[in-house]
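Only one structure is covered here, and it is reproduced in the block below.
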């Protein structure tokens, strides 16, 4: 038996469907085993490459041998280490990690939600603009994590008659809403803090000190939980929570300074700094998400390089209808039409597999390829048209 990795696998139903297709063709389901957690399937050595390519094309997944999979992963790692292209390769679609990620997200969600409400109460009691401003930030974090948890579950649904591409794009919608909440909240913080800068008010710095201690502990636990995960959501949230932790260390330092001085102006100034930091972190994300909603090419995909590499493949003549977009910022998709001088269906499927292996290096897992037989090269590359 030989192990194959399935790149672009979306859910358990698709895995079982692929298993059934191989079983029907081979006539023996017992000789085929799959591992849903690691998105792998074991097939007998007698399986024909054309069969693998055919099912791969029909199910819109890339099925590659384990040796080739690890070779590609090593190449990706070397390129990232030595050239730092900024590409984020995530070929390991281990569906079984979802439950663990959801559990950690849920814990961190409740920690941030309850603490954000506590910050508002103590911010009003201690007359601290810095606490109130960070409460808005933490509530935005809780909203982000809550939406990430909810949409993590929803996104696992397969396509249906209403959503033919599935539900993964809902997570992008959640991120879009959260970014708007954070931006509006940050602007309101700046507007409300400016008058306090002109007329600083005394604050209960000792109360702020203990709130900061609690915040550092809670954010420390949140960072620890997220750092244990391997999913893209957990890694992104971990970076965000780590920055929160640093911010609370700054608030703690302010409360210590106020214990020895009456520089109450530090509180609204720190509030404005936090708000500016929120805008600096959120605005680029808002722009990126907006571009994805408008079906822009993902930032990490070099379209010209990808096109050139596909044209270099044997028997690939011309490319048209070359479209690349993303459903949620992580699952990238592509459709294209290529012309070739090869008429054999088997060899055309081999061309498709070669194209998939190239495209896979650009973190594009959902690939639709149409091949046109053009032995006389009636489609000429010198004619440049849109589309």
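Residue numbers (my numbering): 7 to 393. Where is the CB? At the ideal position from N, CA and C, for every residue including glycine. Since the model is a prediction, treat every value here as computed from it, not as a measurement.
Going by beta carbon distance, what residues of the same chain come within less than 6 Å of residue i, once the five residues before and after it are set aside?
i: residue 56; result: 352 and 355
i: residue 370; result: 338 and 340
i: residue 88; result: Caution applies to residue 88, whose pLDDT of 43 falls short of 50 and renders its modelled position unreliable; the model cannot decide the point.
i: residue 69; result: 10, 12, 58 and 62
i: residue 344; result: 322, 325 and 377
i: residue 385; result: 324 and 345
Taking the straight line between their C-alpha atoms, what separation do you get for residue i and residue j?
i: residue 43; j: residue 226; result: 29 Å
i: residue 126; j: residue 230; result: 25 Å
i: residue 283; j: residue 141; result: 14 Å
i: residue 151; j: residue 324; result: 45 Å
i: residue 329; j: residue 178; result: 20 Å
i: residue 116; j: residue 297; result: 31 Å
i: residue 169; j: residue 333; result: 12 Å
i: residue 8; j: residue 311; result: 33 Å
i: residue 131; j: residue 254; result: 18 Å
i: residue 15; j: residue 305; result: 23 Å
i: residue 279; j: residue 256; result: 11 Å
i: residue 90; j: residue 266; result: Residue placement at residue 90 is flagged as unreliable, the pLDDT there being 43, under the threshold of 50; a coordinate-derived value is accordingly withheld.
i: residue 268; j: residue 211; result: 10 Å
i: residue 199; j: residue 159; result: 39 Å
i: residue 295; j: residue 335; result: 8 Å
i: residue 372; j: residue 342; result: 12 Å
Answer with buried or exposed for residue i, where buried requires no fewer than 16 other C-beta atoms within 10 angstroms of its C-beta.
i: residue 259; result: exposed
i: residue 114; result: buried
i: residue 358; result: buried
i: residue 232; result: buried
i: residue 33; result: exposed
i: residue 111; result: buried
i: residue 52; result: exposed
i: residue 300; result: exposed
i: residue 19; result: exposed
i: residue 76; result: exposed
i: residue 64; result: exposed
i: residue 379; result: exposed
i: residue 347; result: exposed
i: residue 194; result: exposed
i: residue 22; result: exposed
i: residue 148; result: buried
i: residue 40; result: buried
i: residue 317; result: exposed
So, at 8 Å on beta carbons, what are the nonlocal neighbours of residue i in its own chain, with the 5 sequence-adjacent residues on each side left out?
i: residue 270; result: 206, 207, 208, 209 and 264
i: residue 292; result: 182, 185, 186 and 189
i: residue 313; result: 325 and 328
i: residue 60; result: 355
i: residue 2; result: The chain is shown from 7 up to 393; residue 2 falls before or after that span and cannot be answered.
If I measure Cβ to Cβ from residue i and keep anything under 7 Å in the same chain, skipping five residues before and after, which residues do I get?
i: residue 100; result: Unreliable positioning characterises residue 100 in this predicted model, as indicated by a pLDDT of 46, which lies under 50. A coordinate reading is not provided.
i: residue 121; result: 144, 221 and 224
i: residue 275; result: 203
i: residue 71; result: 8 and 10
How about residue i and residue j: are their beta carbons less than 8 Å apart?
i: residue 196; j: residue 73; result: no
i: residue 138; j: residue 129; result: yes
i: residue 38; j: residue 49; result: yes
i: residue 66; j: residue 288; result: no
i: residue 157; j: residue 180; result: yes
i: residue 309; j: residue 331; result: no
Review point. Using 8 Å as the threshold, is the stretch 305-323 in touch with the stretch 211-219, meaning 3 or more CB pairs across them?
Key: no
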